[in-house]
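Just so you know, we're using numbering that gives the first Met the number 0 here: the sequence shown kicks off at 0 and counts up by one. The C-beta atom is built at its ideal place from N, Cα and C for all residues, glycine as well.
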Amino acid sequence: MGDWTLGLLTAGGFKEGTDYVCAQAPTDWGKPGFILNSDSVVFFQQKDPDYVEGQKLLASTILSPEFQTIFNQTKGSIPARLDVDLSNGFNPCQQLSQKDLQASIDGGTLVRSMAHNMTIPQKVRGAIMDTVTEFVATPDMTAQDAASAMADAAEAQM
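Given below as structure tokens:
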């Protein structure tokens, strides 16, 4: 589930280890994996100096360790900054996620999320997702047939 789930569970009074558990999805290559999805804040170019200063203030506030701590503890996500200490006030799932992220960075297995449009154009993603949907809905379609159909669909969009 997404990080938002952890925020909802925490707000609902549910406890990790009692009501739910967090675990990394297994990999078959013996190394930790992590799929990165990052929310973004966009600032449009401004000519008014007051607006530019306001953007700088907002950016520095959002990126501060204090804001990252408050925001991520509430949402259930992990900080964008790797130097924020998660040992105090962060849920065990957030701590595990941060550990998994760092292990994936160290192991060279970090990838960006295709499902969240971080790696490929939308039309290619759409073609891939259509093939995944067809595979799930077609019991007699083999994994090899689905993989070939996915490659053909994606290539047609390039």
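Exercise. Assign isoleucine 119 to one of three DSSP states: helix, strand, or coil.
Key: coil
Self-check item: As assigned by DSSP and simplified to three states, the class of leucine 81
Solution: coil
Exercise. Determine which residues share a DSSP beta bridge with leucine 109 and list them.
Key: Phe33
Quiz item: Is it true that the region 119 to 127 meets the region 54 to 61, where meeting means three or more beta-carbon pairs spaced less than 8 Å apart?
Solution: no
Practice problem: Have a look at isoleucine 119 and valine 110 and give me their C-alpha separation to the nearest angstrom. | Solution: 12 Å
Quiz item: When burial is assigned at 16 or more other CB atoms within 10 Å of the CB, is proline 78 buried or exposed?
Solution: buried
Quiz item: When the distance is taken between beta carbons, is leucine 5 closer than 8 Å to glutamine 94?
Solution: no
Self-check item: Buried/exposed call for phenylalanine 89, threshold 16 Cβ in 10 Å
Solution: buried
Quiz item: With a CB to CB cut of under 7 Å and the five nearest residues on each side skipped, what residues in its chain are close to phenylalanine 13?
Solution: Tyr19
Quiz prompt | Residues that DSSP places opposite tyrosine 19 in a beta bridge | solution = Glu15
Self-check item: Inter-stretch contact at 8 Å, needing at least 3 Cβ pairs: the region 42 to 55 / the region 66 to 75
Solution: no
Quiz item: Can you name the start and end residues of the alpha helix (DSSP H) that glycine 246 belongs to?
Solution: Missing from the structure shown is residue 246; the chain here goes from 0 to 157 and no further.
Self-check item: threonine 141 to lysine 74 span [Cα, whole Å]
Solution: 39 Å
Quiz item: Is it true that the CB of asparagine 36 sits closer than 8 Å to the CB of methionine 117?
Solution: yes
Quiz item: Cβ atoms of aspartate 99 and proline 31: under 8 Å apart, would you say?
Solution: yes
Quiz prompt | Contacting residues, own chain, Cβ-Cβ under 6 Å from alanine 148 (five flanking each side not counted) | solution = Thr130
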